[in-house]
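Residue numbers (my numbering): 1267 to 1371. Yeah, the Cβ is synthetic: ideal placement off N, Cα and C, and Gly gets one too. All figures in this text were calculated on a predicted structure; none of them were measured in a lab. First the structure, in the form of structure tokens, and then the observations on it.
Next up, the structure:
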């Protein structure tokens, strides 16, 4: 799960830059692209995943200028909030990070 999330994050980063590692021109990401990567990290279920999700939220916010395709939508916020209460797959326990949730709000 983590490897998939890392690859998605790297691909999204390349889309933000506009080129891939093979120097192909990539389209700019939209909100759905961010949502997919956020959901992928949410499935990892760890504190590191929560941090990556907050980084993605920050990147999304930084990229918003007049681009309505980059406005977070309901799915974006639901995915981010659901990641704040997650199952840690290593310990099989659930946890809630109130500081991360407060930062999000």
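So within the stretch 1301-1357, which uninterrupted beta strand (DSSP E) runs reach at least 3 residues, ignoring any that extend past its ends? 1351-1354
Cβ neighbours of residue 1299 in the same chain (closer than 7 Å, five flanking residues each side left out): By 1-based counting over the chain shown, the position of residue 1299 is 33. Taken in chain order, the residues that qualify are 1278, 1281.
Span of the alpha helix (DSSP H), counted from its first residue to its last, around residue 1283: Sequence index remark: in the chain shown, residue 1283 carries index 17 (1-based). Its alpha helix (DSSP H) spans residues 1268-1283.
To the nearest angstrom, how far is the alpha carbon of residue 1326 from that of residue 1337? Working through the chain shown from its first residue, we reach residue 1326 at position 60. Working through the chain shown from its first residue, we reach residue 1337 at position 71. So the alpha carbons of these two residues sit roughly 8 Å apart.
Please report the straight-line C-alpha distance between residue 1311 and residue 1340, rounded to a whole angstrom. Within the chain shown, residue 1311 is the residue found at index 45, counting from 1. Within the chain shown, residue 1340 is the residue found at index 74, counting from 1. In a straight line, the C-alpha of residue 1311 is about 21 Å away from that of residue 1340.
Measure the beta-carbon distance from residue 1342 to residue 1297 and round it to whole angstroms, keeping in mind my assumption that it falls under 8 Å. By 1-based counting over the chain shown, the position of residue 1342 is 76. By 1-based counting over the chain shown, the position of residue 1297 is 31. Their Cβ separation, rounded to whole angstroms, is 6 Å, which keeps residue 1342 and residue 1297 in contact under 8 Å.
Does the distance from the C-beta atom of residue 1302 to that of residue 1319 stay below 8 Å? To locate residue 1302, count along the chain shown from 1; it is residue 36. To locate residue 1319, count along the chain shown from 1; it is residue 53. No, the pair does not count as a contact, with Cβ atoms beyond the cut-off.
Close-in-space but distant-in-sequence residues of the same chain around residue 1284 (CB under 8 Å, 5 per side omitted): Counted from its first residue, the chain shown places residue 1284 at position 18. Here the set comprises 1291, 1292, 1294.
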